[in-house]
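J.:
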Amino acid sequence: MSIREWPVAERPRERLLQCGAASLSDAELLAVFLRTGVAGKSAVDLARCLLKKFGGLRALMEADMSTFLGELGLGPAKYTQLQAVMEIGRRHLAETIEREPALCSPAAVRRYLKAMLRHESSEAFACLFLDTKQRPLGFEILFRGSIDSARVYPREVVKRSLAHNAAALILCHNHPSGVPEPSQADLHMTLQLKEALGLVEVRVLDHIIIGDGEPLSMVEHGWLKA
1 MSIREWPVAE RPRERLLQCG AASLSDAELL AVFLRTGVAG KSAVDLARCL
51 LKKFGGLRAL MEADMSTFLG ELGLGPAKYT QLQAVMEIGR RHLAETIERE
101 PALCSPAAVR RYLKAMLRHE SSEAFACLFL DTKQRPLGFE ILFRGSIDSA
151 RVYPREVVKR SLAHNAAALI LCHNHPSGVP EPSQADLHMT LQLKEALGLV
201 EVRVLDHIII GDGEPLSMVE HGWLKA
């Protein structure tokens with residue numbers, strides 16, 4: 001049955017307008033994005049099939065172009081629209097962070113860092129540069145590595161900190177495995193960077209590790225003193 005034949009109160013688009021996006025299931029949200037189904041399947045039916053095939057919404061959104069285009073009902077237009085929607089979300093978070101008078105919302109910072117790095121298929125190391133009042137100056141991915149590690153050079157981190165005229169920064173990297181626990185190499189690298197940045201009077205406020213679930217803070221776990 002076409003969604004147009006459903007009772008109005010049950011249609012995803014109408015429910016979103018009436019109750020908000022949070023009231024919709026993953027399949028219903030995806031159906032709103034897809035807009036149309038395929039022969040014999042409504043947009044919601046197609047969305048459910050796609051989520052089952054990919055194993056969830058995140059896996060679908062992070063699929064590479066060839067995998068995405070290999071599915072019925074998903075073409076180049078849908079792929080470009082999805083990439084645009086994801087980038088809009090990341091930029092919205094970035095602007096939210098930039099509007100803060102200072103980093104008074106650690107949860108917002110972590111959401112932003114997770115949005116910027118969780119989709120990376122290999123390990124990436126980044127910095128959020130801050131001024132003397134802990135207001136964001138910029139975010140940069142400085143190094144990318146294999147799925148196991150990224151080679152991080154303290155000299156380059158110092159160089160980019162000086163280029164931003166940063167007074168402090170938050171280090172961040174992702175674990176593609178989904179497990180945010182730091183390795184001994186992560187801890188050693190963090191202390192190296194803190195020491196190198198200290199020589200140019202740039203404070204390391206935290207090192208956030210992005211995996212599945214809540215990002216991990218080295219400061220909160222006692223592995224780093226800000």
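Counting from 1, position 36 in the sequence shown corresponds to residue 36 in UniProt numbering; the numbering is continuous, with no gaps. Just so it is clear, CB atoms sit at the ideal spot from N, CA and C, and this is done for glycine as well.
1) Is R203 helix, strand or coil when you go by DSSP?
2) DSSP puts G56 in a beta bridge; with which residues?
3) With a floor of 4 residues, list each alpha helix (DSSP H) that falls wholly inside the UniProt domain "MPN" (102–224), ordered by position along the chain.
4) Let me confirm a value: G37 is counted as buried when at least 16 other C-beta atoms fall within 10 Å, else exposed. Which label applies?
5) Residues bridged to K41 by DSSP?
6) Determine the direct distance from the alpha carbon of D206 to that of L191, and round the result to whole angstroms.
7) Note down the Cα distance separating Q134 from K194, rounded to an integer number of angstroms.
8) Just the C-alpha distance for E220 and V8, rounded to the nearest angstrom, thanks.
9) How far does the alpha helix (DSSP H) with S66 in it extend, from its first residue to its last?
10) Please state the DSSP three-state secondary structure of P7.
11) Please list, in chain order, all residues of the same chain as residue 249 whose beta carbon is under 7 angstroms from its beta carbon, the five residues on each side excluded.
T.: In terms of the structure at hand:
1) Strand at R203.
2) In the DSSP output, where bridge partners are listed per residue, G56 has none listed.
3) 106–117, 154–163, 184–198
4) buried
5) V38
6) 11 angstroms
7) Cα to Cα, Q134 sits roughly 17 angstroms from K194.
8) 48 angstroms
9) 65–69
10) Looking at P7 - three-state DSSP - the assignment turns out to be coil, as it is neither helix nor strand.
11) Not covered by the structure: residue 249. The range shown for the chain is 1 to 226.
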